[in-house]
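Order-wise, the sequence lines are chains A and B.
Under our numbering, the first residue of the first sequence is numbered 1, with each subsequent residue one higher.
Under our numbering, the first residue of the second sequence is numbered 283, with each subsequent residue one higher.
The block underneath contains the structure these notes are about, expressed in C-alpha cells.
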Amino acid sequence: MTDFFADFLDAVAEVPLIRYALLSGIVSSLTFGVVGSLVVTRQIAYVASAIAHSILGGIGAAVYCSRVYDLPWLTPMLGAIVAGLVSVAVIGWVTLRFKEREDTIIGAIWALGMAAGLLFLHYAPGKAVNMESFIFGNILLTSRSDVVATLVLGVLVFVLVGLFYHKLVAVSFDEEFARLRGVSSKAYYFLLLGLTAMSVVLLVRIAGLILAQALLVLPAATASRFSRSLWVVMVLAVALTAVCNTAGLAVSYEYDIPTGPFIVFLAVGCYALSFLFRRNRA
Amino acid sequence: MDCRGVSFSYGRSVVLEDVTFTVPRGESLCVIGPNGGGKSTLAKLLLGLIEPDRGRIAVLGREPREARTGIGYVPQAMRFDPQFPISALDIVLMGRLNHLTVGLFSKRCRERARAALDEVGMSGYARRPFSDLSGGERQRVMVARALACDPEILLLDEPTANIDLSIEAQLIETLAKLRERMTVLMVTHDLDLVSAIGNSVLCVNHRVHRHSLPLSGETIKEIYSGRRRLEHDRRTRHQQGDHSACAHD
C-alpha cells in the first residue's frame, strides 16, 4: 500500500501530465460539488444531462463549419459554449412553459443534440474526429491552461453561489413562496441552468460528457443522503469528488486502467454504498 | 380583501364565475367547498400568482401583486420534498427574503425568524432538519415562516391536511392565538378547524356563498353535494326575471 502511494506521488512530482490531471481533478471538484448539489436538490439531473448531450451538437457544428468555411477561430469549445447557452434558453423555456410535457420535450432536445453532433462530425471534411474524447474525455490530456480555466470557473461558481445562496435554496425548496417574497424564481432557475451548462462545457474537455454528468450528480446525491443542510451537502460533495478523482487517477496510473471510466465506477460505488447506511428520516 | 365580479378560467374550464366578497380587517374567514370548486384558485388570485379574466381584486387596498409583502402564506407542508437538506430555521428565514439582497441574512432577520419559531412552540427545533420533523411539526414551521413575514393577513391552504388529531389540536391552538391580531383566511375541508377559528365561512363552488357560523348539517350537505351552486344560479336567474329556469331546477 505504501509503495502504491509512493509510486503515485513520485509520478505526480516527476510527470507534468499526471500533475495537471491531479490538479484539474481537485480543482474541478469545487464546481462539480457546488453546482451538482444544487442540481440534485432541485431535482433537475435529467435537465443537466440534456444540456450535456446538446453540447455535442455544438461541438459537431463548430468542427464542420470551421473546416467547410475555413474558420479556424471556430473551435469545438466555442461551439460547445454556444450550444450550452442555446440549450439553457430552450430547456429553461420548455420546463417553465410546458410543465406537463417537459420530460418528452427535453428527451427530444437531448437526442437532437447528439444526433446533430454525430451528423456534423460524420460529414466534416478532413481527418476523422475522435468522438470518444468528447464522450469519455481524457483527464490525462489536461494542460496547464485547462487547470487555470477550471480554477477560474470554480471561483466564479463559488462567488455566485455564495452571493445568492439563500435565494437559490429558497427557489429550489419552494419556488412559489420565493416568488411571493420578491425573488425572481425564473431568473434563479436560468442562473442555475447557466452554471450547469458552463460547468459541463468546461469539464467535458477534461472529463467527457459521461464523466461530467456522473461527477455532477453522483457525489452530490451521495452527500445529500447524510447531510442536514445544503451547504454541508456542497462541502461533502466537493470532498467526495476530489477523493474519487484522485483515487481514480492513482489506481488507473498504477494498474493501467482507463481513468475516466474508473472514476465513474468509484462515484457509482460510493453512491451504492451509501444505501447501506441509515439516511435522514423522510 | 375585496373581490368584485371576479371570474377565472383555465382554458375553456371556468373555475370561478362572478365572485364577489369582502373580508374586513381582523376577520377569520374559512373557505370551504368541494374539490375542484375553485378554493385554491381563489387563494392564488388573492396572492397575485394568477390574474383574473374579469373583475377586480384589492388586498390591503392595493393590487394583490403589490400587497404580497403583507400576506403570510402557509402552503401544505406535505407538498415539499421531505429529503430536502434544510433546517427549520432556514425555512423560516425564507419569510425574510424580501429583506435580503445578497449574502447572508442579518442578525435582525435571524432574531425575527427565531421569534416566529418560538411563537408556534418550535423554538427548540431551529437546527433540526426538515426531514426529521413530523407532519405537524413541518406544518408549524410553515406557519412560523409566514409569521416571519410580519403579515397583516395570514393565508393558509389546508393547514390540517395529513396531520393526526393530537397535532391538529396544537395547530388550532396556535391559529386561535394568531387570529386575535391579524386577518386570517383559511382554505380547508376541516370543519373542526372552521368552528374553532372561523368568524364566517365562504363556500366556493365556482361561485361563492357566505355563511354564518355555526354551520347546520343541512348546509354542510348542500355545500358538498353541489346543491348550493344550483340554488345560487336559480336565485340569480330568478332575480334577473328568468322564471322559466326555476321550473327546470
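Ideal Cβ placement from N, Cα and C applies to all residues, glycine included.
A contact between stretches requires three or more CB pairs, one per stretch, nearer than 8 Å, and the stretch 41 to 61 of chain A meets this requirement with the stretch 186 to 200 of chain A. Among the residues of chain A, none has a CB under 7 Å from the CB of ILE449/B; the nearest is roughly 16 Å distant. The beta carbon of TYR355/B sits closer than 8 Å to some beta carbon of chain A. Excluding its 5 nearest sequence neighbours in each direction, CYS65/A has C-beta neighbours in its own chain below 7 Å: LEU71, LEU74, listed in chain order. Within the stretch 163 to 179 of chain A, the residues whose Cβ lies closer than 9 Å to any Cβ of chain B are, in chain order, LEU163, PHE164, TYR165, HIS166, LYS167, VAL169, ALA170, SER172, PHE173, ASP174, GLU176, PHE177, ALA178, ARG179.
Sequence-ordered contacts of the stretch 214 to 225 of chain A with chain B read SER224 [C-beta pairs closer than 7 Å]. Using a Cβ-Cβ distance cut-off of 8 Å, the stretch 463 to 482 of chain B and the stretch 298 to 312 of chain B are in contact, since at least three pairs of beta carbons, one from each stretch, lie closer than that value. Put simply, of ILE81/A, VAL90/A, LEU218/A, PHE277/A the residue whose alpha carbon is nearest the alpha carbon of VAL264/A is LEU218/A. Taking 8 Å as the threshold, the shortest C-beta distance from ASP432/B to chain A does not fall below it.
The beta-carbon distance between TYR355/B and LEU327/B, rounded to whole angstroms, is 13 Å. This is too long to meet the 8 Å contact definition.
Contact with chain B is found for SER227/A, since one of that chain's Cβ atoms lies less than 8 Å from the residue's Cβ.
DSSP, reduced to helix, strand and coil, places ALA395/B within a helical segment of the structure shown. Taking C-beta atoms as the reference points, PRO357/B and ASP439/B count as a pair closer than 8 Å. Ranked by Cα distance from GLY352/B, the first of ASN380/B, MET360/B, ARG336/B is ASN380/B. Non-local C-beta neighbours of GLU434/B in its own chain, meaning closer than 7 Å and more than five positions away in sequence, comprise LEU342, GLY352, MET464, THR465, ordered along the chain. Its Cα nearest to that of SER413/B, the residue SER227/A stands out among SER87/A, ALA128/A, SER227/A, ASP103/A.
Residues of the stretch 296 to 323 of chain B whose Cβ lies closer than 7 Å to any Cβ of chain A: none. Beta-bridge analysis with DSSP links ASP284/B to THR304/B, ALA340/B.
Counting only Cβ-Cβ distances below 7 Å, VAL183/A has contacts in chain B at LEU379, in chain order.
The stretch 19 to 37 of chain A makes no contact with the stretch 170 to 182 of chain A: fewer than 3 CB pairs, one atom from each, lie closer than 8 Å. Residue-level contact check: LEU230/A touches chain B, since one or more beta carbons of chain B fall below 8 Å from its beta carbon. Counting the other Cβ atoms within 10 Å of the Cβ of PRO441/B gives 16 or more, which makes it buried. For the stretch 357 to 369 of chain B, the set of residues with a beta-carbon nearer than 8 Å to any beta-carbon of chain A comprises PRO357, PHE362, ASP363, PRO364, GLN365, PHE366, PRO367, ILE368, SER369, in chain order. By the Cβ-count criterion, ARG409/B is exposed, with fewer than 16 other Cβ atoms from all chains shown falling within 10 Å of its own Cβ. Out of SER185/A, ALA61/A, VAL155/A, ALA89/A, the CA that lies nearest to the CA of PRO125/A is found in ALA61/A. Residue contact with chain A for PHE290/B: absent (no Cβ-Cβ distance below 8 Å to any residue of chain A). Nearest to GLU419/B by C-alpha distance, out of ALA443/B, PRO316/B, HIS488/B, is ALA443/B.
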